[in-house]
Structures are given as structure tokens and as C-alpha cells.
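So the protein lines, in turn, are chains A and B.
The first sequence begins at 12 in the numbering used here and counts up one residue at a time.
The second sequence begins at 12 in the numbering used here and counts up one residue at a time.
The C-beta atom is built at its ideal place from N, Cα and C for all residues, glycine as well.
Reading through the C-alpha cells given below for one structure.
2 protein chains.
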Amino acid sequence: MSKLLVRSFAVSIDGFGAGPNQDLENPLGVRGPALMEWFFHTRLWRKMHGHDDGETGVDNAMAQQGFSGIGAWILGRNMFGPIRGPWPDESWKGWWGDEPPYHTPVFVLTHHPRPPLAMAGGTEFRFVTDGIQSALKQAVAAAGGRDIRLGGGVATIRQYLIAGLIDEFHLAIRPVVLGSGEHLFKGIDMHALGYECTKYVAGERATHAFLRKRN
Amino acid sequence: MSKLLVRSFAVSIDGFGAGPNQDLENPLGVRGPALMEWFFHTRLWRKMHGHDDGETGVDNAMAQQGFSGIGAWILGRNMFGPIRGPWPDESWKGWWGDEPPYHTPVFVLTHHPRPPLAMAGGTEFRFVTDGIQSALKQAVAAAGGRDIRLGGGVATIRQYLIAGLIDEFHLAIRPVVLGSGEHLFKGIDMHALGYECTKYVAGERATHAFLRKRN
Numbered sequence: 012m013s014k015l016l017v018r019s020f021a022v023s024i025d026g027f028g029a030g031p032n033q034d035l036e037n038p039l040g041v042r043g044p045a046l047m048e049w050f051f052h053t054r055l056w057r058k059m060h061g062h063d064d065g066e067t068g069v070d071n072a073m074a075q076q077g078f079s080g081i082g083a084w085i086l087g088r089n090m091f092g093p094i095r096g097p098w099p100d101e102s103w104k105g106w107w108g109d110e111p112p113y114h115t116p117v118f119v120l121t122h123h124p125r126p127p128l129a130m131a132g133g134t135e136f137r138f139v140t141d142g143i144q145s146a147l148k149q150a151v152a153a154a155g156g157r158d159i160r161l162g163g164g165v166a167t168i169r170q171y172l173i174a175g176l177i178d179e180f181h182l183a184i185r186p187v188v189l190g191s192g193e194h195l196f197k198g199i200d201m202h203a204l205g206y207e208c209t210k211y212v213a214g215e216r217a218t219h220a221f222l223r224k225r226n
Numbered sequence: 012m013s014k015l016l017v018r019s020f021a022v023s024i025d026g027f028g029a030g031p032n033q034d035l036e037n038p039l040g041v042r043g044p045a046l047m048e049w050f051f052h053t054r055l056w057r058k059m060h061g062h063d064d065g066e067t068g069v070d071n072a073m074a075q076q077g078f079s080g081i082g083a084w085i086l087g088r089n090m091f092g093p094i095r096g097p098w099p100d101e102s103w104k105g106w107w108g109d110e111p112p113y114h115t116p117v118f119v120l121t122h123h124p125r126p127p128l129a130m131a132g133g134t135e136f137r138f139v140t141d142g143i144q145s146a147l148k149q150a151v152a153a154a155g156g157r158d159i160r161l162g163g164g165v166a167t168i169r170q171y172l173i174a175g176l177i178d179e180f181h182l183a184i185r186p187v188v189l190g191s192g193e194h195l196f197k198g199i200d201m202h203a204l205g206y207e208c209t210k211y212v213a214g215e216r217a218t219h220a221f222l223r224k225r226n
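Pasting the structure below:
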């Protein structure tokens, strides 16, 4: 059965999953790129950006694992782009250029309907206006038995967490303090929700923590 | 010049520095001992408890470093003991038996005066009723140029943090989720306060993060 997974999601030591003031110039918020520094140096990232170099250590293996066995993605609208409110037109096609790194159906949560958007390499953005449960149901139907990766952002992950729908969590804890921004777990009782940490692995630029629900 | 240091302070992945419902049976709060698991196995801890075994890896080295070069300690009252309100008598002498592990003056923050309490091995508990600044001043005077270690608990560390008085922070990030309890950084902007992470070291049972103020 398909599981809903959060993979390679970076948080700061003080618990922020994005910096403050996200906009077109700062898609991860101010100081947010510091969260992704563990990923930028990996062979996987470099390859995704057309380069034939990059590191092949623990961080790279963790990043690769995050893309393995995934049959569909779910993204919050703010992760798809900086536009708020009704879509002014259909020119915004995500942050990722003509060939996004998903290569599967990607369900984008939004309050504003929009026709599906097929991209090169097998990614198709499908816009879901009737809530997180519906998006998950559609993703499961599309994933063909493979798992669903919940890409973020923080607000979307929090919604799925509180609803008890996330099966596994892989956090990349980065050695930075952000001070402000979007806090991943604030006010959420991860113990009461049933999570425990089952694996903790030191990478080159992050510590990787794997959480799953207790049986 | 003496610096004010937090050393070997354990936090959960979700940011708690103590579990909920601290009392005589649960000095670290419910599930709090899981925070200290990295320390219990070290040679230092075992030696402090009269045993001649224990592990000598990274966690042990980190724990030892926390006791090195310290001329005085500061503790919040709840770290000294479970008694609240005025001291009923002088029978409570801390959690640590006749010979506490401090071997220096220890300034205990309280609203209720009490005479100093000399223990075996050079530890002397001195009770400070006129606030955190006064405790720090007295600790500096007593430390003879060595550093001051702020032992905790969470509420006390938060007071010193907000007042901008902590020079360095060593956190031991444990692979556990507590879900509730005392959150170390909640509502505190560590970036605005000037902290950055300067070192990040994987231990056997915790990841050690060192924060200090940017120059």
C-alpha cells in the first residue's frame, strides 16, 4: 500500500523549515537557502542541474533515497510558486523550468482551480481545490502502488501531520539557526501523534533523522 | 575574561529540553531521561557514579569538555530540587548526594533565601535571591578567571538567553521526539540574538552543535 512520506526535509537547529518573507527572490524565505546547503553539494543535485560532478557521500545517498520508489508528489501551492490568490494566467509553471525533477503526477494544493499542466520528463501538475484528503486520495490512485512524497512547504506538512496522515518523516537537521520563519513542529505534539525516531545518521552537512509511527 | 557557557545541554529533535510534569520521581520530566541517554553510557558518567567502565568515544569527549575550565556554576532552582516555594527546612541538599559533581561554587537562583551549603569535594551551593544578573556577577567573582557553566534548566537558560548573556552553547541533539515539556527556543529569535552554529559533530548517541555569537 502506498505510504505518505516526507523526505529530505531540512530544518534548522531551532526548528524552522523555511526562513521568513518568502517571495520570488527568496523562494525558501530569507536565509532559507542555508537549509538546503547539504543538498546543493550532492551529485544528485548537480546532476539535476546538468553537471557531472558533486559529492557522493552520505548526504547524496540520503537525497537519492528521497526520490526512490515515489509514484506521485503532493506540494503546497507556495512551494509551486510565489503567486497568491486566483491565477492571473497560466504562465507560471513552477520554479523548475521545462523539466521539473518530479517525473510523476504532482498534486498541487490550491483554492483556485486551474487545468492540469503537463511538463517535459513525465511531470504533470494537477491542481486540487478540495483539500488535503482529496489530494492524498488522488495521489494514491495515481501512484500505482508506489509511495507518495509530500514535498512541503511547512504549512502543508503541518496540515498532513495534524491530520495523522504522514507515515514516515526524513528530516535533514542543518547546523544553522534561522531565528524566525516557518516552524515545523510548533504546537504539534509529535509524541502524542505516535512518532518515534528510528534512525539517526550523520551526513557531511546535515544530520538525518527518520521518524515513523510506533506500531 | 570569564564566559558564560551552556554545555552538554540535551534537546529532542522537536526542541524540548525537558519532558512534562517534573517532580521528585521525574527530575527531567516524563520521558526526560531519553534526553540524557547519550551521557549515561559515557566513561565520565560511569566514573561519576563509581564505576570503572563506560564508553570513550565522541560523546564522552564532549561530556568531558563540558566540565573543563569551569570555575563556577549557575543553576535554576528547579534543577537543584523539586521543592517549590519557601524552603521548609534545610534537609534538601540537591539531587546528587554528599559529593555533587560540580567541585566549585554553584549559584542557585531562588526567590527564597537560604544559607550557603558546603558539600564534600568542593561544591558549595550559594542561594541567590536578587536575580540572574547578580548570580552571574557573583559567579564571575568566584570563578577566578575560569568560565561559568549555566547548568539549566530550560527556564533559566531562556532567561539568560533573552538577556543576551550566554556566550556559547553546546547542544546535544538527541534522536527522540518528546512532543511536550519545556521547549528551549520557542519564541526566541536566535538569529536576531546573534548566534550562529560554528561546529557540528556526530556522536554515538547525539549530534553536538556549538553555537556562539557572531563577531
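Leaving aside the five residues before and after residue i along the sequence, list all residues of the same chain whose C-beta is less than 6 Å from its C-beta, in chain order.
i, result
"LEU16/A", "ASP158, ARG160 and GLU179"
"HIS247/B", "Nothing can be reported for residue 247/B, as the shown portion of chain B is limited to 12 through 226."
"THR209/B", "PHE221 and ARG223"
"GLY77/B", "ARG18 and SER19"
"TRP56/B", "PHE50"
"GLU207/B", "ARG225"
"PRO112/A", "MET59"
Is there a Cβ of chain A sitting closer than 8 Å to that of residue i, yes or no?
i, result
"THR134/B", "no"
"GLY26/B", "yes"
"ALA213/B", "yes"
"PHE20/B", "no"
"ALA203/B", "yes"
"PHE118/B", "no"
"PHE196/B", "yes"
"SER79/B", "no"
"SER145/B", "no"
"SER191/B", "yes"
Strictly under 8 Å for the Cβ-Cβ distance: is residue i near chain B by that measure?
i, result
"VAL188/A", "yes"
"LEU222/A", "yes"
"THR121/A", "no"
"ASP200/A", "yes"
"TYR206/A", "yes"
"ALA183/A", "no"
"THR218/A", "yes"
"SER13/A", "no"
Rounded to whole angstroms, what is the Cα-Cα separation between residue i and residue j?
i, j, result
"HIS123/B", "ILE143/B", "14 Å"
"PRO31/B", "HIS194/B", "10 Å"
"HIS114/B", "GLY87/B", "17 Å"
"PHE91/A", "GLY105/A", "5 Å"
"ASN226/A", "ARG42/A", "37 Å"
"ALA131/A", "LEU147/A", "23 Å"
"ARG125/B", "GLY198/B", "33 Å"
"PRO127/A", "PRO116/A", "10 Å"
"ALA21/A", "PRO186/B", "15 Å"
"GLY162/A", "ALA72/A", "18 Å"
"PRO38/B", "THR134/B", "20 Å"
"LEU204/A", "GLN170/A", "13 Å"
"PRO93/A", "GLY192/A", "16 Å"
"LEU182/A", "THR218/A", "8 Å"
"ALA153/A", "VAL139/A", "13 Å"
"GLY108/B", "SER145/A", "59 Å"
"GLU36/A", "SER23/B", "33 Å"
"MET201/A", "TRP98/B", "37 Å"
Quick one: what does DSSP say residue i is sitting in, helix, strand or coil?
i, result
"LYS148/A", "helix"
"ARG18/B", "strand"
"THR53/A", "strand"
"LEU161/B", "strand"
"LYS104/B", "coil"
"ALA209/B", "First, the residue type needs correcting, since residue 209/B is Thr and not Ala in the sequence shown. Correct three-state label for THR209/B: strand."
"GLU48/A", "helix"
"GLY28/A", "strand"
"ALA174/B", "coil"
"ALA217/B", "coil"
"ILE94/B", "coil"
"VAL187/A", "coil"
"LYS224/A", "strand"
"VAL119/A", "strand"
"ALA203/A", "coil"
I'd like the list of long-range same chain contacts for residue i, defined as Cβ closer than 8 Å, with 5 residues on each side in sequence excluded.
i, result
"GLU215/A", "TRP49, HIS52, GLU66, GLY68, VAL69 and ASP70"
"GLY80/A", "ARG157 and ASP158"
"LYS58/B", "GLY65"
"ARG54/B", "ASP64, GLY65, GLU66, THR67 and ASN71"
Could you round the C-beta distance between residue i and residue j to whole angstroms and report it? I think they count as a contact, below 8 Å.
i, j, result
"VAL188/A", "ASP25/A", "5 Å"
"VAL119/B", "ALA29/B", "About 17 Å; that fails the 8 Å criterion."
"GLN33/A", "ASN89/A", "7 Å"
Between residue i and the rest of its own chain, which residues show a CB-CB distance below 7 Å, the 5 nearest in sequence each way excluded?
i, result
"MET47/A", "ALA21 and LEU39"
"TRP103/A", "GLY92 and ILE94"
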